[in-house]
Structures are given as C-alpha cells and as structure tokens.
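The working numbering numbers the first residue of the sequence shown as 22 and each following residue consecutively. Beta carbons: idealized from backbone N, C-alpha and C, even for Gly. From a predicted model like this one, the values you see are computed outputs, not experimental measurements.
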Amino acid sequence: MSQLSLSVIATGLDRLLDEQMTGQARIAAHLVAAAEDHGHSPEEIISIFEKIRKKTVLDELWVTDSEGDVYLTTVRDDDGTPKKFKFSEDSNIQPQASAFFPLLSAGVDSDECITQIAQTREIDWDIFKYVGVSGIDKPRIVQVGNALAFEEQGLLNNSYASPVMTAALAAFGEVELLSSRYTSRVAEVRSVFDAVLTKQMVVQAGLIDALLSVTEAAGWSVAKTNSHLQRIVKTTPIAEIEIATTGGRVVLSSSVPYGKLRYLETLDEINVDVMDIVDHPTTAHDEEHAAEKTVTVYSPSLARIVQITTLLDDNSLVSPRFKLPEEAP
C-alpha cells in the first residue's frame, strides 16, 4: 500500500502556511498604508487588528517604522501596553527576528517577502511561525505570526518534521497520525490541511474587510480600491478577490472586467445576523486549470460579501489531484 511520509506532510503544511500567511501580511501592509493615509492613530489601527484577531485564528501582527521599531502590534506587555520591540540585523542578538531586517531596505514597489519555519523567538522563547513583507508606502516590516502550542516539541530536532504539523494535527484531533513516520490515511491528512487552509483564508477575508472599511471612509474611488486588490493578488498566492452585495452583485474586484460571484447558490446559506463563513469544497474542474479553493465571508455590519479564491498546486496535499507515491517506503 502506498504511504505518505511525515516529512512530506510537514513540508507541505509549512508551505501551505507560508503561502496563506504571505497573503495576510500583504493585505495588512495595504491596510496600514490606507489607515495611516486616512489619519488613523496607532491606537485605532491596533484596535482594527484586535477585532480581526478575536474573530479569526490570527495570533499576532507586528508593524515597524522605517527604523525597525515596532509601533503597531497585537502583542501586549503584562501592564497591557503594546509590546516594545526593535528588529536588529545582528543574528547573534536576534537569531530569529533578524532574518526579517532586510525588509527595511526593500523599496515600496519591491513586494519583498520573507518566510520562516517555526522556531523559538527571542522575547519569550515560545515557538512561532512568522512571515513578513515590506511596506507598500514606506520602508517597514509587516509581520504575521502563528503560535504553536503542542506537547511533542522534540519534533523540532528532527530533520523530517515541522512543529507546525504537530500543532495542526493535534488541534484537529488527529494526534495518532504522528505515531509513525508514515501513514496511508491521506483522507484524514487532507481534511486537516483543508481545515487549516479555510481558517487561514478567513483571516485574509477579515483583513480585506477591514481594508475596505478604511478605503470607503477615506472616499477612495472604485478604480483606486481595485488597483490595491489587483496588487495584492499579483504579489500573493491569492488568485481572486471579489466584493459583492448580499444579492451577489460584484462591486469591487481584483479582476477587471468583473466576473460573477462564485457559488451564487450558496448565498442562501448565509446568516445575515452574524459574521458568517461559507467554506466551499476544493475543486479540480479539468486538467487544464489548477485546482482551487474558495471561501465566502459575510460581514453583517457592512452588509457585504468578501470572497477569496486561491489556486492549489497539484503537489499540495489539499489538492484533489494530489497522488500518493506509487511505491510504499
């Protein structure tokens, strides 16, 4: 029987998070630029971040000035004030955080991105996975982080495994998948991957929703807002961003001319009294087109729909076209 090695699972999940967290960081960079351009204070921007953090699986956001000093973050000290931190280029001082220092030298048109495997961080020695991007308005670091709470930290020392995998499998009640180096339970693994992907895409939708709230308040034109959505798509694994009314009419989009909102028939499932999420199944239409995943999120306070689609590589475990190796190990 063909089996799947834990190294493939670990590498695949780490790559999936790299891609999705890149999308989150990039949207956050646009959100910060728009909010500051509209005159939002640091406290107001942090409040926006906190609302998203409380509703999604997003753990942390860190945003610096041009010198590497963090002034926007969801992380707080014991006294409740935002955590103070300054990125250093010295890896002897900051073995983990210094990797992101080069982002300060990137131009605002560079769309620079740095991904990092999960590892201990300097401020408290907890294990986090981080992805950072450069600013779109000024030199800065925009970083998102995922906390990894798990028992089997010994996996950190194994060349084949990532602690990200352990955390995800444990969170979804599939710890037994870690009992050996190989598994033939690809359906369970794919289910875990799909759930992780959905939750990460919901973070992206929440950040997009916040971005649109700022751009609307600032009086941006449709063309200007669309241009930002287009830049986000061009610099992330996100394939398409559609903003629509509850009736399904697309009003903003990363695609011009506008297309139709996907899965219109599922709009009847949306609960208009709460922030609701419709998780569409991964699909592989034909061999000529990449498999894709779409998530639709409804924002009741703004009466709009944010729909995000991401393309899935055939080598991704979450793709319906992923195939196990033909020979068992």
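Look at the alpha carbon of residue i and the alpha carbon of residue j, and state the distance between them as a whole number of angstroms.
i, j, result
"Ala-168", "Pro-258", "22 Å"
"Val-96", "Arg-142", "13 Å"
"Gly-101", "Val-84", "18 Å"
"Glu-172", "Gly-269", "Only weak support is given to the placement of Glu-172: the predicted model assigns it a pLDDT of 36, under 50, and the value that follows is read from those uncertain coordinates. C-alpha separation (whole angstroms): 45 Å."
"Ser-205", "Val-339", "15 Å"
"Thr-32", "Gln-117", "19 Å"
"Pro-302", "Gln-221", "15 Å"
"Thr-317", "Leu-228", "13 Å"
"Ala-139", "Asp-99", "24 Å"
"Gly-60", "Ile-291", "34 Å"
"Pro-321", "Ser-112", "45 Å"
"Tyr-151", "Gln-137", "6 Å"
"Arg-47", "Thr-256", "8 Å"
"Leu-233", "Thr-246", "8 Å"
"Ser-337", "Lys-72", "31 Å"
"Val-243", "Glu-261", "16 Å"
"Asp-300", "Arg-325", "17 Å"
"Ile-144", "Phe-106", "9 Å"
"Ala-305", "Ala-127", "37 Å"
"Asp-130", "Gln-24", "44 Å"
"Gly-44", "Gln-225", "7 Å"
"Val-78", "Leu-37", "15 Å"
"Gly-280", "Leu-250", "15 Å"
"Thr-331", "Leu-218", "10 Å"
Taking C-beta to C-beta, are residue i and residue j nearer than 8 Å?
i, j, result
"Glu-237", "Gln-328", "no"
"Phe-214", "Leu-34", "yes"
"Leu-124", "Gly-153", "yes"
"Val-165", "Met-42", "yes"
"Ala-55", "Ile-69", "no"
"Arg-342", "Thr-315", "no"
"Leu-333", "Ala-312", "yes"
Assuming residue i contacts residue j (C-beta within less than 8 Å), just tell me the rounded distance between them.
i, j, result
"Val-17", "Val-91", "Within the shown structure, residues of the chain are numbered from 22 to 350, placing residue 17 beyond reach of any answer."
"Ser-275", "Ile-253", "7 Å"
"Ile-157", "Ala-231", "Contact doesn't hold; Cβ gap of about 16 Å is too wide."
"Arg-161", "Asp-58", "That belief does not hold up - the Cβ atoms of Arg-161 and Asp-58 are roughly 14 Å apart, past 8 Å."
"Leu-93", "Ile-67", "6 Å"
Could you tell me which residues DSSP pairs with residue i in its beta bridges?
i, result
"Gly-360", "Missing from the structure shown is residue 360; the chain here goes from 22 to 350 and no further."
"Lys-107", "Asp-90"
"Val-29", "Looking at the DSSP assignment, Val-29 forms no beta bridge with any residue, so it has no partner."
"Arg-97", "Pro-103"
"Val-327", "Ile-264, Val-318"
"Trp-83", "Thr-94, Gln-164"
- Pick out the complete alpha helix (DSSP H) segments inside the region 190-274, 4 residues or longer, and give them in chain order. 207-238, 243-255
- Message: Ignoring anything shorter than 3 residues, give me the beta strand (DSSP E) runs that lie fully in the region 283-322, in order along the chain.
- Response: 297-300, 312-320
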